[in-house]
Each structure stands twice: as structure tokens, then as C-alpha cells.
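2 protein chains.
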Amino acid sequence: MVNHACADCAVRDSALCAALNDDELDRLNRVGRRQKLAKGQTLQFAGDDSLVFANVVEGVLKLSTSTADGREQIVGLLYPADFLGRLFAVRVDYDCTALTDADICVFPRKGFEAALNDFQKLERSLLERTMAELDRTRQWMLLLGRKSAEEKVASFLLNIVDRLKPEGCAGRAADGPPTYVLPLTRGQIADVLGLTIETVSRQMTRLKTAGVIALPSTREVTILKPLALEARAEAA
Amino acid sequence: MVNHACADCAVRDSALCAALNDDELDRLNRVGRRQKLAKGQTLQFAGDDSLVFANVVEGVLKLSTSTADGREQIVGLLYPADFLGRLFAVRVDYDCTALTDADICVFPRKGFEAALNDFQKLERSLLERTMAELDRTRQWMLLLGRKSAEEKVASFLLNIVDRLKPEGCAGRAADGPPTYVLPLTRGQIADVLGLTIETVSRQMTRLKTAGVIALPSTREVTILKPLALEARAEAA
DNA sequence: CGTTCGGTTGAAAGTCTTCAAGGAGGGTGG
DNA sequence: CCACCCTCCTTGAAGACTTTCAACCGAACG
Chain A
321 MVNHACADCA
331 VRDSALCAAL
341 NDDELDRLNR
351 VGRRQKLAKG
361 QTLQFAGDDS
371 LVFANVVEGV
381 LKLSTSTADG
391 REQIVGLLYP
401 ADFLGRLFAV
411 RVDYDCTALT
421 DADICVFPRK
431 GFEAALNDFQ
441 KLERSLLERT
451 MAELDRTRQW
461 MLLLGRKSAE
471 EKVASFLLNI
481 VDRLKPEGCA
491 GRAADGPPTY
501 VLPLTRGQIA
511 DVLGLTIETV
521 SRQMTRLKTA
531 GVIALPSTRE
541 VTILKPLALE
551 ARAEAA
Chain B
321 MVNHACADCA
331 VRDSALCAAL
341 NDDELDRLNR
351 VGRRQKLAKG
361 QTLQFAGDDS
371 LVFANVVEGV
381 LKLSTSTADG
391 REQIVGLLYP
401 ADFLGRLFAV
411 RVDYDCTALT
421 DADICVFPRK
431 GFEAALNDFQ
441 KLERSLLERT
451 MAELDRTRQW
461 MLLLGRKSAE
471 EKVASFLLNI
481 VDRLKPEGCA
491 GRAADGPPTY
501 VLPLTRGQIA
511 DVLGLTIETV
521 SRQMTRLKTA
531 GVIALPSTRE
541 VTILKPLALE
551 ARAEAA
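Written out as C-alpha cells, the structure is:
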């Protein structure tokens, strides 16, 4: 029988755990525990010992590195069902911070490694996820290295559309244009895109003025013309 | 006994194969074959079916993506002992091209997957490599998003120092300042750093003028002041 | 000996950043 | 309940850095 902590888990079938059957999951679950994170709370700092292994259950986290003089770059965003943890390294070299209130399922290193040894399916699934993450990261490099500010912002919004559920979609039909609640501030979006906060703000208003998006509030975006947005994500 | 193709392999102990003992390696080797690549030869194009799985034995390859209008970004460099291949995906989404004449050890998909299933150590090793590559890639994102042209070029040169052997080091003692043969043209370096060819050229001459490096020829770099180079890789 | 490819250098242009000021929303305390 | 404060966002103007456009150089090659 599935441990009740897992039975009603929102990501039981999409996180790493999906690789395990109920019995196996039960064993893994014995070493894991749920943890709540408050918005802004940092789970690990660059240079810390690599001790945290976790599935994101709810919320959004960021992975970030920075230069000695404080310039920051967000190098990864973790959404529900994503995995966090650096195996095979003594230290981690990026911070991990909750962008929203979050709920994660944490495993201690020893226990997680043991599960990895015992369940090859788990390791296979982790390899699969890691390779997919590497692909996404490389795509992101194209954005950082070669795209203009407008293309970057448009690409970012498309990414949000891809990874986030529209607001109030619980049982509602897809009637009007979808609205998303951004888990990031303008400054954090700037850190994702390698821009300044002012440039992000300007590009957002440009897209709004062009009628491509609407901004009901600073944290909400409505996608009015998805195709126009895609065009601007890779303009010639 | 080790198949003679592996026995004298330059990367027998540093590539993925290092995870296997001689017997296991022998089995893997039965499905693999050596392949020579000419400089400039493309091994796979973005959009191709994912069929190539290989260890780099000698030479340097690049992984690159580009926008629809032709702007290119190099998203990975493969040095000897590095692994190439995208499991768990039908298509690959970046090109792979030889920057120098190269020598690789190719496995067909089926055979490689079978070996992965049979030898858990092999899968473990691949997971380890993939995670390390993800770390390197994320560090590179900091460079792309937040560093100035000078910092980018200096960082790139330090990377070369890290991953490449100095010229003519076979039996020679480390006496004078080390010289490296760049496997990339200025244009390719620009594609790595998210700059233009002119900017790369200008920064190189700046470093030369400052006495930090010397440029015996366009493809060679001598590191005169490693510490000064490090300082410029992350200036305040 | 001319052509081509890669590299360098200069000048002008453009994009993004920096600096600066003002505004809107949310929470706290009087 | 309202004033105040803090954080986040927006907007303008000036400036800096990188790109773009262009010309030239040098080595390799046919």
C-alpha cells in the first residue's frame, strides 16, 4: 500500500517517483520527508556540502550563481515534479532559493543513494531527467548569447506558457486568452535573461503597447496573441 | 583479454569505458567501431534522429544550435574522453561538428542501450558525466548572461588551459610559459562567447598589448601571466 | 600570381545599461 | 481607518559597450 504521504501527492505520477511501483515508493518514502519553504527562503548556498536531494511538489525554485562582485545569473528554474540535487559532487556550486512558497519532498543523501543503487529504474529516470534538463539549458544558452532583449522577453513568456498552468484553470474551459501569474519579479526575470530590470520592464510595456500581451497587474500576464509572441521570440 | 582496439585506446581510463572491467569492455567493444572525422565534418544535424553515441578519443568537437535567421551559438565543446549522445529522445536538437580532425568511438543505439541495461556501472558513470556537464554548462550561462567581452575572452582562455594540454608537452618539463594551440577560429570563439568575431579579435589584442598573453600565431596562445588572466576573467 | 579564408583595425551606429526620479501596491503601526 | 514605509515597477535621459560596416593584411592554396 502506498504511504499516505505519497498517495495524495500532486506529483506522484510525474516526478522521479513515477519510475517506482507502490512498494518501491513506500521504501523510498520511509527516508523522505515533506518540507515547506517560504517565499525567498534559500535551501542551499553555493559552496555548501551537497546534502539536499528533493522533488519539487509545489511552487517554483530558482538555481543561481553569481560573480564575485555580485552580478547574478539564474541558471535554472525548478517547477513541480522537477528534481533538485547534485550527486557525485562534494559541494554544490549554485544557490537554490524558493521564488514562491513551496513544498518539497526531501531525501537525505545516504537514503537517496541507497534507493538509487537498489532501483535501477530510479537511476534511469534520473538520467533521463538530467539529459532533458541539459537540453533545456543549452537552448537557454542560445537565448543568452544570441538573442535581443525583445526576443529574450518574448521567449521567457513562451517558456512560462509551457511550464505553468494558466490562472484559474481548475475546471474552466479554455475560453478567453489565458492569464498566468508570474512567479518571478522583474528583477528575477532580468537575472534569468541576462538583462537589467529596466530593460525587462521596457520590453514588457512594448509588448503590451503592441497588443501582444496584457498586464492586468505587475505579476500577471495575459497572452493575447500567442503567434505574435512566437514571432517576436525569434525575429529576423 | 582486452580487445586490441581498446587496449591501446588513449582514453581507456578516462572515458565512460573506465567504468567497465576488461571483460565488460570487450563486450561493449564488439558493437562499437572507431571512426575518423575530418576537420569541419558534421556528425549530426539538429533535427536528425538520435542515432549517434560515441566517445571522443582524439580531437575537439562542437555542439551548436542556431536561430532561424542563422545566428549561431556553440553550446558545448567535446574534448577527448567526453561522451556524445542523446538518450531518451527521438531527435537531437543541436549540430555536432568536428573542430579539428578527430577520432571517435561510435556505438549504435541498440547496442549502447543494451550495454547500459546490462552494466549498471556504465549507467552510473554516464549519469555522473551528464551531471558534471550540466554544472559546466550552467557556469557558462553566467558567462553568457553577465560577463563583459574582456571577461568572456579571459574566461575562455582559462577554460582552454583547463581542458587542453600545452603544446609540445610530451616529455618536456614545465619550464617556460605554456603555449596552447586553439582548436577554434576567432569566429568559433565568438560563437562560444556570444560575441562577434571583431570583438573577440579586439579583446585578444588587448590582452596581448597588456602583456597577459602572447600570440605566436593566430592559432596559438601563450599564457604569460595566468594570475592577471584570472583577474580579468572576473573583474569588478 | 591571383584567390580565398581567417584575422585585424577603424569609424559610425545601435542596443542595452546606468543613473535618476517618480509611482503603485501591500503591510504595519499609530 | 489612514498615514507611512518598503518593495517593486515604470519611465526618461545620458552614457557605455558591443556591433555593424568597411577596408586592409597575411598566409595558404591552386
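Chains A and B supply the protein sequences, listed in that same order. Take 321 as the starting number for the first sequence in my numbering and just add one per residue. Take 321 as the starting number for the second sequence in my numbering and just add one per residue. All C-beta atoms, glycine included, are put in the ideal place defined by N, C-alpha and C.
With distances taken Cα to Cα, identify the nearest neighbour of residue i among the options.
{"i": "residue 423 of chain A", "options": "A:386, A:376, A:361 and A:417", "result": "A:376"}
{"i": "residue 540 of chain B", "options": "B:326, B:518, B:485 and B:432", "result": "B:485"}
{"i": "residue 445 of chain B", "options": "A:388, A:407 and A:550", "result": "A:407"}
{"i": "residue 527 of chain A", "options": "A:336, A:364, A:476 and A:413", "result": "A:476"}
{"i": "residue 456 of chain B", "options": "B:388, B:483, B:437 and B:336", "result": "B:483"}
{"i": "residue 553 of chain A", "options": "A:459, A:503, A:497 and A:535", "result": "A:459"}
{"i": "residue 409 of chain A", "options": "B:448, B:330 and B:498", "result": "B:448"}
{"i": "residue 533 of chain A", "options": "A:500, A:504, A:516 and A:506", "result": "A:500"}
{"i": "residue 549 of chain A", "options": "A:530, A:535 and A:537", "result": "A:530"}
{"i": "residue 332 of chain A", "options": "A:385, A:365, A:387 and A:425", "result": "A:425"}
{"i": "residue 325 of chain B", "options": "B:346, B:334 and B:341", "result": "B:346"}
{"i": "residue 413 of chain B", "options": "A:503, A:452 and A:468", "result": "A:452"}
{"i": "residue 523 of chain B", "options": "B:536, B:537 and B:506", "result": "B:506"}
{"i": "residue 343 of chain A", "options": "A:419, A:435, A:364 and A:405", "result": "A:435"}
{"i": "residue 340 of chain B", "options": "B:546, B:385 and B:441", "result": "B:441"}
{"i": "residue 538 of chain B", "options": "B:555, B:520 and B:547", "result": "B:520"}
{"i": "residue 366 of chain A", "options": "A:385, A:360, A:393 and A:335", "result": "A:385"}
{"i": "residue 544 of chain B", "options": "B:478, B:516 and B:433", "result": "B:478"}
{"i": "residue 394 of chain A", "options": "A:404, A:388, A:415 and A:405", "result": "A:415"}
{"i": "residue 551 of chain A", "options": "B:525, B:388, B:374 and B:356", "result": "B:388"}
{"i": "residue 357 of chain A", "options": "A:517, A:417 and A:433", "result": "A:417"}
{"i": "residue 468 of chain A", "options": "A:535, A:421, A:396 and A:516", "result": "A:516"}
{"i": "residue 419 of chain A", "options": "A:443, A:437, A:396 and A:359", "result": "A:359"}
{"i": "residue 421 of chain B", "options": "B:334, B:327, B:396 and B:503", "result": "B:503"}
Kindly identify the DSSP beta-bridge partner or partners of residue i.
{"i": "residue 364 of chain B", "result": "B:416"}
{"i": "residue 378 of chain A", "result": "A:423"}
{"i": "residue 446 of chain A", "result": "DSSP output for residue 446 of chain A lists no bridge partner at all."}
{"i": "residue 533 of chain A", "result": "A:543"}
{"i": "residue 387 of chain A", "result": "None; residue 387 of chain A has no bridge partner."}
{"i": "residue 403 of chain B", "result": "B:375"}
{"i": "residue 369 of chain A", "result": "A:411"}
Over what stretch of residues does the alpha helix (DSSP H) that includes residue i continue unbroken?
{"i": "residue 431 of chain B", "result": "429-438"}
{"i": "residue 555 of chain A", "result": "Taken as a continuous stretch (DSSP letters only), residue 555 of chain A belongs to no alpha helix (DSSP H), as it is neither H nor E."}
{"i": "residue 396 of chain A", "result": "That residue, residue 396 of chain A, is in no alpha helix (DSSP H); its beta strand (DSSP E) goes 392-398."}
{"i": "residue 510 of chain B", "result": "506-513"}
{"i": "residue 472 of chain A", "result": "469-483"}
{"i": "residue 332 of chain B", "result": "Element bounds for residue 332 of chain B: n/a, residue is neither H nor E."}
Can you give me the start and stop residues for the beta strand (DSSP E) that residue i sits inside?
{"i": "residue 540 of chain B", "result": "540-543"}
{"i": "residue 499 of chain B", "result": "499-501"}
{"i": "residue 356 of chain B", "result": "353-357"}
Can you pull out the residues from the segment 360-389 of chain A whose beta carbon lies closer than 8 angstroms to at least one beta carbon of chain B?
383, 385, 386, 387, 388 and 389
Does the pairing of the segment 457-469 of chain A with the segment 366-384 of chain A give three or more beta-carbon distances under 8 angstroms?
The segment 457-469 of chain A, when compared against the segment 366-384 of chain A, does not touch it at the 8 angstroms Cβ threshold.
Residues of the segment 420-445 of chain A with a CB closer than 8 angstroms to any CB of chain B: list them in chain order, please.
Taking a C-beta cut-off of 8 angstroms against chain B, the contacting residues of the segment 420-445 of chain A are 440, 443 and 444, listed in chain order.
Of all the residues that make up the segment 445-465 of chain A, which are near chain B by a beta-carbon distance shorter than 8 angstroms?
446, 447, 448, 450, 451, 452, 453, 454, 455, 457, 458, 459, 460, 461, 462, 464 and 465
Does the contact criterion of 3 or more C-beta pairs under 8 angstroms hold for the segment 398-413 of chain B versus the segment 340-356 of chain B?
no
Cβ pair count under 8 angstroms reaching 3, the segment 505-523 of chain A against the segment 468-482 of chain A:
Under the 8 angstroms Cβ criterion, the segment 505-523 of chain A counts as touching the segment 468-482 of chain A, having at least three qualifying pairs.
Give the residues from the segment 475-490 of chain B that approach chain A closer than 7 angstroms (Cβ to any Cβ), ordered along the chain.
none
If contact is defined by three or more beta carbon pairs under 8 angstroms, each pair taking one atom from either stretch, is the segment 365-375 of chain A in contact with the segment 428-436 of chain A?
Because the criterion of three Cβ pairs below 8 angstroms is met, the segment 428-436 of chain A and the segment 365-375 of chain A touch.
Taking beta-carbon pairs under 8 angstroms, can you tell me which members of the segment 395-414 of chain A lie near chain B?
Residues passing the 8 angstroms Cβ filter: 395, 396, 406, 407, 408, 409, 413 and 414.
Name the residues in the segment 523-555 of chain A whose C-beta lies less than 7 angstroms from a C-beta of chain B; which are they?
554
Residues of the segment 505-521 of chain A with a CB closer than 7 angstroms to any CB of chain B: list them in chain order, please.
514
Contact list for the segment 341-357 of chain A against chain B, Cβ threshold 9 angstroms:
none
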